[in-house]
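Student: Pasting a structure below so you can have a look.
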Amino acid sequence: MGDEDMAEARPVITDVGGIPKFDAHGELNSMGPRWNRWKRAFELFAMGKGVVELEQKKALLLHTAGFSVQDIYFTLEIAEPVEEETVYDVTVRALDAHFTPHVNSAVERSQFRAMTQTSSETVEQYITRSRQKAVFCNFHNIDENIRDQVIDKCYSQRLRRKVLERNNVTLVLLREIAQSLEASEQRAVSMEQKEQINKVSQHKFDKHSKFKTQNQTDFKQRRCFACGHQGHIKTDANCPARGKKCRKCKKEGHYEKCCKTKQTRNFNSRRGHATVRNVETENNDEEPYVFTINSDRTDNVDFTIKVGGVIMPIIIDSGASVNVIDRTMWEFLKKSKIKCESRLSDKKIYAYGNTQPLNVAGSFITSVSVGDENVDAEFFVVEEKGQALLGKTTAVSLGILKIQNPSESVNSINDDRKAIIKQKFQKCFEGVGKLKNFQLKIPIDESVKPVIQPIRRVPFHLREKLDKKLEELQGFDIIEKVDGPSTWVSPVVVIPKKNSEIRLCIDMRRASEAVVRERYPIPTVEEILQDLNQSKVYSELDIKWAFHQIELSQESRDITAFMTHQGLFRYKRLMFGISCAPEMYNKIIHQALGGLPGVNSIYDDIIVHGKSEEEHNRNLEQLLCRLLEKGLTLNIDKCQFNMERIEFMGHILSEHGIGVSDSKVQAIKEARKPQTVTEVKSFMGLVNFTGRFIPNLATIAEPLNRLMKKNKPFDWGPEQDDAFEKLKQCLANNTNLAYFDINADTQVIADASPVGLGAVLVQKQGDSHKIICYASRSLSEIERRYSQTEKEALGLVWACERFHVYLFGKEFQLLTDHKPLEFIFSPKSKPCARVERWVLRMQTYHYVVKHIPGAKNIADSLSRLLSTNEQKHEYNKTEEYLRMIVDEATPVAMNIREIEESSENDDEFNEIRTCLRTGRWYELKYKQYLTVKSELCALGNLIIRGTRIVVPSKLRERILQLAHEGHPGIVIMKQRLRTKVWWPNIDRDIEQWCRQCYGCQLVSKPERPEPMQRSALPSRPWEYLAADFLGPLPSGDLLFCVVDYYSRWTEIAVMKSTNAEKTVEALNKMFITHGLPISIKTDNGPQFISQYFKQYCEQNGITHRRITPLWPQANGEIERQNRSFLKRLQIAHAENKNWKEEL
């Protein structure tokens, strides 16, 4: 084969990027056109990839389209290829038939007519965007409609006038005119300004001139600040104001009209400092905008930027929240043909410390560009004179201003080190890794019966985020679809994250009952600290999605199955929620990293250390090489390299040695003075717990003990102050705190008061219990409205997460003085929605909740004696979750404040909020809420049921009115409301509203009749018969017809009389031939309802069935046969034939 033949035989393979997946659940009105457009893109993609084989092309089509299209395709009935059709043609035809019908031309045309050209968009770009939309509109002539749309909605009035001056303008001609106009405007701006379009010039101030440009260029229209004329600047030798004395300030170099002292009436400036102003909107509850207007300072940097196609000078002010120009600059911009959208403004601008607002002429929105950056921004025009200001928000968006916390500069070296390490070990930081050549087998107790839990419905407004999360996890090969049956099924709960994303949480409490925990020895803290001693350089590394980098064996995946609205999935990797996951993960990581010098891992931390930077870097590179070898990856954002100090397990490690972190005793040091006898007793309970380690305890505590005596007034004086401070120092003394022992029995004692939470980490070391760490925090305003049970439950969850570094992967006891928590935190409990979310957060820990008397709860004082100055609160996942629900569930036509105000004054809601706080549901008058009480929770004045807002009675009628806009039916209206709101009997109210709607009553169709019950097919002939009379005929005869339901065989008897005796006689002749039937169906004629006919049927064991009176359709088979006989009789009569012979 020659070179030419080989060239022809080899296809050209091009590196072609992918195309986006097809949105099969998008807008139905444009589904067909969008599918055709996507199919066109796929054809080009397949051609670029060189895919020719049709089976491969079909597979590539389904793969590229995404999971949604695949799910649809495999539910369709796919026909076999006919004639010259291929499997690819059949696939495309089936998908075309599914997607093509969904088009609403009226809606698409309405949206097309509403499209307008933006200020930063050329006519050519606007035509392209309009053409993309016109494809969905089914126009007969697309070009004519686009032409009309451009003329009507174009941004340039000059273009509109030019086009309207001509007759029979086509779209091609319109484009030529627009391109010519735009090109001429650009050339004119370039010639007039003598500036490059995207050039940014910097100006430096000095005491003699307002500014000097680096390239010595300026505007022709630049206004001189000395004489007020245009075409030169103040330093120009030809300026007429040079040497002239101002009549106002008596200084030389400027005219009175340009004197800066005039501005002191409106500008509050002193000593050359900037004037601070604020902008506020009427009827606006937000914080006022604050910005700086500088008219006299000469130490700012002046830039030129392009605003709406016009270059202008401006001062960048990091203190400004808005962009401001004066009237003079606005007139200059108008003369320069600025492209903008002007409007009146109701905002007011005040000078700092001044109650008189400045005169705001209005505002305009335009495109602002610097270099390659372009944003849309709003400028305010004020009547007072001053330099143009570019606000903080716009400057940051353009990339010309960067505001950095000074503390962040400390990490600049660390960031540089990160960049170097990431470049050298790039694969260590890409995606989610997987430990090579290893599959983990979860030990399962076969005696535990598998549990299939019911699905928990995910709200519709969260399903899109859940779909993306599932797709992401499938893309990382972490989960897989389950096609067959599964013995274990767990429900899914969606938890929000700070970055508006979600966390997929599986309720594994029931499944974890079957998991057998494995014991693995872990180095103690003392051993690790001994290894870290004398080190001076440290790095802390974080393995990305650590559990998910351990692959599960096939037999261990079944227990991880979970149900979603997309179907059944299961994990292929180790997951959060499996009770044995922490210790098994620690075992695997220790084995994977074993033998590396200067590397320690405990729980989810990996620390690299060295006595010098060279030793540390050597140890770090060996670790990264091991991670590459094992296939594990790191999260670069959470890694810290080459640090001089590090906090580990409550200890501070540095070149100076090992110290105790202040966080361990911060709760004790910040405790306030007791104010009641109860608080003194609570504090002394904590003191007595460690009393054996405090010398002279009785002497020191004697002033406090006096306060606890009966019949003694509570008189807190200097003695008590001194004793209280000494006892706090003793409790916080490092000698009274023990090192954490991983192998010792561990307890977490937690308590909640009306104002705060407290927790103490305790271990039994030797014969006594020793305190490891203290913790406390105050409750937020929302948390203080929780019921006491919810506060106590929150205390347990917070304590575990606060001591996570000690408790992760270890068995421990949770001690509380609130008895109900023992059952609430058990696997089979069904608590309210808020507490259930907390219980799911505890899945990663292996704990047992135990009740202790209140007198032995040493955490009580920490929850009560909180510092009055403490204002900070930790990130509350529950509140964030509820806020997300409220934001997503609030109807579009309403706002949260309106619902909250109505909820505040609603009698039902006041009682419900009281019951949520106290738990006394038996006192609730409105019993319809009792069935869902476990699903209710409160956020401020709002009541939430699960993922839906409970609507107060005052707003229910309005909600129904809004949901019925467009007059949807009952089903659609229920779908609209059920996903967002709820109230008792909501379905009944929806049905009643639709039935009472006058418009719906006018045009609605009558109700359909009840469907008829089909007759069952007999098993053999002549079992079930139907009989009826036809006639009388013109001859006076009647036809007695009997039909068999099985064979449709018909017997006919010609009769003169229709009485019961003659009818029975005719039936006897038929039954002699064919036998007796099981049943016979007739109408309610007199011969069939007679006693004689009844006795005849009973004697022969025939069941007689009569149809509904005046409803012959019920005996449809015989009626259909009678119609056929009548047709034949009419034909015989018309042809003068003997009808008896014809029958």
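In full-length UniProt numbering, the protein residues as written are 1 to 1143.
Where a beta carbon is used, it is the ideal one built from N, C-alpha and C, also for glycine.
A752 bridges to which residues according to DSSP?
Tutor: Locating residue 752 in the sequence shown gives position 752, where the first residue counts as 1. Answer is L757, bridged to A752.
Student: Just to confirm, are A226 and G253 a CB contact at a threshold of 8 Å?
Tutor: In the sequence shown, residue 226 corresponds to position 226, counting from 1. In the sequence shown, residue 253 corresponds to position 253, counting from 1. Yes, the pair counts as a contact, with Cβ atoms nearer than the cut-off.
Student: Report the three-state DSSP secondary structure of I1131 (helix, strand or coil).
Tutor: Your numbering for residue 1131 matches position 1131 in the sequence shown. Here I1131 sits in helix by DSSP.
Student: With H, G and I counted as helix, E and B as strand and the rest as coil, what does DSSP make of V290?
Tutor: For the purposes of this step, residue 290 is taken as residue 290 along the sequence shown, with counting starting at 1. Bear in mind that a pLDDT of 36 at V290, under 50, signals an unreliable position, so the model cannot answer this.
Student: Considering only their Cβ atoms, is the gap separating A419 from S486 smaller than 8 Å?
Tutor: For this step, residue 486 is matched to residue 486 along the sequence shown. For this step, residue 419 is matched to residue 419 along the sequence shown. The answer is no: Cβ separation not under 8 Å.
Student: Have a look at K536 and S68 and give me their C-alpha separation to the nearest angstrom.
Tutor: The residue labelled residue 536 in the question sits at position 536 within the sequence shown. The residue labelled residue 68 in the question sits at position 68 within the sequence shown. Spanning the two alpha carbons is a distance of roughly 55 Å.
Student: According to DSSP, simplified to helix, strand and coil, what is D218?
Tutor: Start at 1 with the first residue of the sequence shown, and residue 218 comes out as number 218. With a pLDDT of only 41 at D218, under the threshold of 50, the placement of this residue in the model should not be trusted, and no figure is reported.
Student: For the candidate residues Q675, D467 and Q534, whose alpha-carbon lies nearest to that of H565?
Tutor: Within the sequence shown, residue 565 is the residue found at index 565, counting from 1. Among Q675, D467 and Q534, the Cα nearest to that of H565 is on D467.
Student: What's the call for F641, buried or exposed, on a 16-neighbour Cβ count within 10 Å?
Tutor: Along the sequence shown, one-based indexing puts residue 641 at 641. Classification of F641: buried, given that the 10 Å Cβ count is 16 or more.
Student: For a quick check, are the C-beta atoms of A94 and L76 less than 8 Å apart?
Tutor: Sequence index remark: in the sequence shown, residue 94 carries index 94 (1-based). Sequence index remark: in the sequence shown, residue 76 carries index 76 (1-based). Cβ distance < 8 Å, so A94 and L76 count as in contact.
Student: Does the Cβ of L1002 have 16 or more other Cβ atoms within 10 Å, making it buried, or fewer, making it exposed?
Tutor: Counting from 1 along the sequence shown, the entry for residue 1002 is found at position 1002. Exposed is the call here.
Student: Count the other C-beta atoms from every protein chain shown that fall within 10 angstroms of the C-beta of A114, then say buried if there are 16 or more, exposed otherwise.
Tutor: Your numbering for residue 114 matches position 114 in the sequence shown. Classification of A114: exposed, given that the 10 Å Cβ count is below 16.
Student: Keeping to the same chain, check which residues put their C-beta closer than 6 Å to that of L504; ignore five residues upstream and five downstream.
Tutor: On the sequence shown, position 504 is the one that residue 504 refers to. Closer than 6 Å at the Cβ level, and outside the excluded window around L504, lie K469.
Student: Starting from C773 and walking both ways along the beta strand (DSSP E), at which residues does that stretch end?
Tutor: Within the sequence shown, the letter at position 773 stands for residue 773. S768 to S778 is the extent of the beta strand (DSSP E) around C773.
Student: Tell me the rounded alpha-carbon separation between V571 and P827.
Tutor: Here the question's residue 571 lines up with position 571 in the sequence shown. Here the question's residue 827 lines up with position 827 in the sequence shown. In the sequence as presented, Val is not what sits at residue 571; that position holds Tyr. Each residue's alpha carbon lies about 21 Å from the other.
Student: Skipping 5 residues on each side, what residues in its chain have a beta carbon closer than 6 Å to that of Q216?
Tutor: Here residue 216 refers to the residue found at position 216 of the sequence shown. Reliability fails at Q216, whose pLDDT of 38 lies under 50, so the model's placement of it is uncertain and the value that follows must be treated cautiously. For Q216, where only same-chain residues beyond five positions count, there are no Cβ hits under 6 Å.
Student: Identify whether V107 lies in helix, strand or coil by the three-state DSSP scheme.
Tutor: Mapped onto the sequence shown, residue 107 falls at position 107. Residue state, collapsed to three classes: helix.
Student: Is R1020 buried or exposed, if buried means 16 or more other CB atoms sit within 10 Å of its CB?
Tutor: Position 1020 of the sequence shown, counting from 1, holds the residue named residue 1020. Under this definition R1020 is an exposed residue.
Student: Taking the alpha-carbon positions, what's the L435 to N619 distance?
Tutor: Locating residue 435 in the sequence shown gives position 435, counting from the first residue. Locating residue 619 in the sequence shown gives position 619, counting from the first residue. One C-alpha to the other measures close to 21 Å.
Student: Cα-Cα, which of V432, K335 and V755 is closest to L865?
Tutor: Here residue 865 refers to the residue found at position 865 of the sequence shown. Residue V755 is the option with its Cα nearest to L865.
Student: Is there contact here, the segment 811-823 with the segment 771-783, by at least three beta-carbon pairs under 8 Å?
Tutor: Verdict: no, contact absent.
Student: Would you call the CB atoms of L936 and V886 closer than 8 Å?
Tutor: Looking up residue 936 in the sequence shown gives position 936. Looking up residue 886 in the sequence shown gives position 886. Contact flag unset, no.
Student: Is M684 buried or exposed, if buried means 16 or more other CB atoms sit within 10 Å of its CB?
Tutor: Working through the sequence shown from its first residue, we reach residue 684 at position 684. Under this definition M684 is a buried residue.
Student: Here's the rule: buried if 16 or more other CB atoms are within 10 angstroms of the residue's CB, otherwise exposed. What is W1049?
Tutor: In the sequence shown, counting from the first residue as 1, residue 1049 sits at position 1049. It is exposed - the Cβ of W1049 has fewer than 16 other Cβ atoms within 10 Å.
Student: Of all the options H651, D483 and V494, which has the alpha carbon lying nearest to the alpha carbon of F460?
Tutor: Here the question's residue 460 lines up with position 460 in the sequence shown. Comparing Cα-Cα distances from F460 to each of H651, D483 and V494, the minimum goes to V494.
Student: Let me know if R945 comes out buried or exposed under the rule of 16 or more other beta-carbons within 10 Å of its beta-carbon.
Tutor: Taking the first residue of the sequence shown as 1, we reach residue 945 at position 945. R945 should be labelled buried.
Student: Using a 10 Å radius around the Cβ and a threshold of 16 neighbouring Cβ atoms, would you call T678 buried or exposed?
Tutor: The residue labelled residue 678 in the question sits at position 678 within the sequence shown. So T678 counts as exposed.
Student: Suppose you measure from the CA of T1073 to the CA of E1007; what does that come to, to the nearest Å?
Tutor: Position 1073 of the sequence shown, counted from the first residue, corresponds to residue 1073. Position 1007 of the sequence shown, counted from the first residue, corresponds to residue 1007. Computed Cα separation, rounded: 47 Å.
Student: Do H851 and E822 have their beta-carbon atoms positioned less than 8 Å apart in this structure?
Tutor: Position 822 of the sequence shown, counting from 1, holds the residue named residue 822. Position 851 of the sequence shown, counting from 1, holds the residue named residue 851. Contact flag set, yes.
Student: What span of residues does the beta strand (DSSP E) with L1033 cover, start to end?
Tutor: In the sequence shown, counting from the first residue as 1, residue 1033 sits at position 1033. Careful: L1033 lies outside any beta strand (DSSP E) and carries neither H nor E.
Student: Leaving out five residues on either side along the sequence, give the residues of the same chain with a beta carbon under 6 Å from the beta carbon of T1063.
Tutor: As a first step, residue 1063 is located in the sequence shown; it is residue number 1063 there, counting from the start. Within the same chain, T1063 has close Cβ partners Q1087.
Student: Taking the alpha carbon of T676 as the point to measure from, which residue in L532, V687 and L704 has its own alpha carbon closest?
Tutor: Locating residue 676 in the sequence shown gives position 676, counting from the first residue. Measuring from the Cα of T676, the nearest candidate turns out to be L704.
Student: Between which two residues does the beta strand (DSSP E) containing Q813 stretch?
Tutor: The residue labelled residue 813 in the question sits at position 813 within the sequence shown. Here the beta strand (DSSP E) through Q813 covers E811 to T816.
Student: State the start and end residues of the unbroken beta strand (DSSP E) segment that holds F648.
Tutor: Translated into the one-based positions of the sequence shown, residue 648 becomes position 648. Looking at the DSSP string, the run of the beta strand (DSSP E) that includes F648 is R645 to F648.
Student: Measuring only the C-alpha atoms, how far is Q530 from L653?
Tutor: Here residue 530 refers to the residue found at position 530 of the sequence shown. Here residue 653 refers to the residue found at position 653 of the sequence shown. Whole-angstrom Cα-Cα distance: 11 Å.
Student: Spatial neighbours of G969 within its chain, please: C-beta separation below 7 Å, excluding the five flanking residues on both sides.
Tutor: As a position in the sequence shown, residue 969 is number 969, starting the count at 1. These residues qualify, in order along the chain: C994.
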